[in-house]
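J.: The letter at position 58 of the sequence shown is residue 390 when you use this note's numbering, and the numbering goes up by one with no holes. The beta-carbon is built from N, C-alpha and C at its ideal position, and this holds for glycine as well.
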Amino acid sequence: MEEFIQKLPYILVGTSFRYFLFAGIPFLIFYVFFKQHFHKNKIQASSEKRKRFVSEVKNSLVTLAVLATTGALVFFSPFRAYTTIYADIHTFPLWWIPVSVVLSLVIHDTYFYWMHRLVHGKTLFRLVHRTHHESVNPSPWTSYSFHILEALLENLILFILVFTLPLHPIALILFGLVSFTINVYGHLGYEIMPQWYRHSFLFEVVNTSVHHNLHHKKFHGNYGLYFRFWDRLMGTENPDYVAEFDKIQERRFGEIQTPKKSYSRAAFLWGALAIGFFSLSFNTQPAKQANILGEWTATGEMGDAVIEIFEDANHKIQGKLIRALDPEHQQRIEEAKAEKSVSEILLLRNFDYVGDNTWKNGTLYLLSRKRSVNGDLKLLPSGELQVTGKLMGFSRTHIWKRKS
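1. Which ranges does the beta strand (DSSP E) cover as unbroken runs of at least 3 residues, wholly within the segment 632-706, from first to last along the chain?
2. Would you tell me roughly how many angstroms separate the C-alpha atoms of Gly586 and Phe577, rounded to the nearest one?
3. So is Phe365 in contact with chain D if we call contact Cβ pairs under 7 Å?
4. Measure the C-alpha to C-alpha separation of Asn615 and Thr474 and round it to an integer number of angstroms.
5. From the DSSP output, in three-state form, read off Lys722 for me.
6. Does His547 pass the burial test, meaning 16 or more other C-beta atoms within 10 Å, or should it be called exposed?
7. Taking Phe535 as part of the alpha helix (DSSP H), name the residues at either end of that continuous run.
8. Please state the DSSP three-state secondary structure of Ser727.
9. At the level of alpha carbons, what is the spacing between Leu712 and Lys692?
10. Buried or exposed: which applies to Leu393, given that a residue is buried once 16 or more other Cβ atoms fall within 10 Å of its Cβ?
11. By Cβ distance, which residues of its chain are closer than 7 Å to Arg384, with the 5 residues on each side in sequence left out?
12. Classify Thr455: buried if its beta carbon has 16 or more other beta carbons within 10 angstroms, exposed otherwise.
13. For Tyr558, which of helix, strand or coil comes out of DSSP?
14. Kindly indicate which residue of Gly518, Tyr522 and Lys550 has the alpha-carbon position closest to the one of Val538.
15. What alpha helix (DSSP H) runs, 4 residues minimum, are completely inside the segment 494-535?
16. Run through the DSSP bridge pairs and tell me what Trp473 is partnered with.
17. Do you know offhand how far Asn682's Cα is from Ile649's?
18. Compute the distance between the beta-carbons of Phe507 and Ser436, then report whether it is under 7 Å.
19. Please classify Pro430: is it buried, with 16 or more other beta-carbons within 10 angstroms of its beta-carbon, or exposed?
20. Considering only the beta carbon of each residue, do Ile641 and Leu653 sit closer than 7 Å?
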């Protein structure tokens, strides 16, 4: 957990920077410098007061702390070893990264819709969701303005994703950026979609700022985050949505002619997504890793010992202590087993192959100190195994030799 503690402040700073940049720039454009220029884009005629903006930012600071903690747990704690995150970008085809981002958005939208409807129940709304709905006329700052309990519920999606899909860190970063950008747009308070958007396939599928603004104004309906799918399927879309959207677009562009609908683009988009998804099932084998399985003569803090390295059912590399090579150390090992009431001791735990004959994201158990530290494994050209333990910025390396 040392790395978790070290990285948490940096993640908090990065997450906060993203919030104030992605929400702050639109706020300055639409609410400060060019407010009059975009007056036709305004969804609700009334304007929120400065006090409301300050309150939204204060609420968002709590959400940012929850976001940073969640991210640090997933990326920089022993928890990562149990996820489907992969480090080697070539483990899956490169096209899987954008496809996984799209699928993550679909999964998130499904989770959000049903979670959102749940917190609109009378009791949970009062305890959890009311803070967000204090912003009847939302602004970009509203995007993270949650009660701490809702912030926790919102960020459960990260844990769902890393147990559902194989995801590279790049995909998770892109997902976070796309998700927050859409979130800010949904709470913008201004409609900025171009004229052609109304009669495109995208309008039938993707939410707009008007769509979510109606949810804040009416308090019910329009529960989806990115897409209209669940609201339309479950009959929860506000019946005035299309008319409200058309009213604002006509205010911006004048009377809009309705062209003939074309479904060719829809067929292409859904066909491409389906081909990519099904192709994944035929080409998602991890990169072939070098063979380090078997017995090794290990040198460590408790002297020389024999370690058996094996691969578990989840394709994680584990290392089991077989025996020490001198009686004194063997006696200490037996005492440690008796103390823990175990029949075996794992010295290597949950390592992932990341390419280039290297394994990461696992831990080393230090028997002499009775604690685990982060570790790396690397098979050297000589055939020896380089084992590195990391603790609080310091590292120590041992060289293991394959037992003949």
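T.: So, from the listed chains and residues:
1. Positions of the beta strand (DSSP E) runs, each at least 3 residues long and wholly inside the segment 632-706, are given as 635-643, 649-656, 678-687 and 690-698 in order along the chain.
2. Indexing the sequence shown from 1 puts residue 586 at position 254. Indexing the sequence shown from 1 puts residue 577 at position 245. Near 13 Å, if we compare the C-alpha coordinates of Phe577 and Gly586.
3. Absent here is chain D; the protein component of the structure consists of one chain.
4. Counting from one through the sequence shown, the residue named residue 615 turns up at place 283. Counting from one through the sequence shown, the residue named residue 474 turns up at place 142. Low per-residue confidence applies at Asn615: pLDDT is 46, beneath 50, and the placement is therefore not dependable, though the value from the model is reported in the following sentence. One C-alpha to the other measures close to 41 Å.
5. Mapped onto the sequence shown, residue 722 falls at position 390. In the three-state DSSP reduction, Lys722 falls in the strand class (E or B).
6. Locating residue 547 in the sequence shown gives position 215, counting from the first residue. It is buried - the Cβ of His547 has at least 16 other Cβ atoms within 10 Å.
7. Taking the sequence shown and counting its residues from 1, the one referred to as residue 535 is at position 203. Element bounds for Phe535: Phe533 to Val537.
8. The residue labelled residue 727 in the question sits at position 395 within the sequence shown. Ser727: strand per DSSP, three-state reduction.
9. Stepping through the sequence shown from its first residue, residue 712 is reached at position 380. Stepping through the sequence shown from its first residue, residue 692 is reached at position 360. In a straight line, the C-alpha of Leu712 is about 15 Å away from that of Lys692.
10. Numbered from its first residue, the sequence shown carries residue 393 at position 61. Residue environment: Leu393 is assigned as exposed (fewer than 16 neighbouring CB atoms within 10 Å of its CB, all protein chains considered).
11. Looking up residue 384 in the sequence shown gives position 52. The residues are Ser467.
12. Against the sequence shown, residue 455 aligns to sequence position 123. Taking all protein chains in view, the Cβ of Thr455 is surrounded by fewer than 16 other Cβ atoms within 10 Å, so the residue is classified as exposed.
13. Residue mapping note: residue 558 aligns to position 226 of the sequence shown, counting from 1. Three-state result, Tyr558: coil.
14. Taking the first residue of the sequence shown as 1, we reach residue 538 at position 206. Closest option to Val538, Cα to Cα, is Gly518.
15. 501-518
16. Residue mapping note: residue 473 aligns to position 141 of the sequence shown, counting from 1. Partner(s): none; Trp473 has no beta bridge.
17. For the purposes of this step, residue 682 is identified with residue 350 of the sequence shown, where counting begins at 1. For the purposes of this step, residue 649 is identified with residue 317 of the sequence shown, where counting begins at 1. Straight-line Cα distance between these residues: approximately 5 Å.
18. Here residue 507 refers to the residue found at position 175 of the sequence shown. Here residue 436 refers to the residue found at position 104 of the sequence shown. Going by C-beta atoms, Phe507 is nearer than 7 Å to Ser436.
19. Numbered from 1 along the sequence shown, position 98 holds the residue referred to as residue 430. Pro430 should be labelled exposed.
20. Locating residue 641 in the sequence shown gives position 309, where the first residue counts as 1. Locating residue 653 in the sequence shown gives position 321, where the first residue counts as 1. Going by C-beta atoms, Ile641 is not nearer than 7 Å to Leu653.
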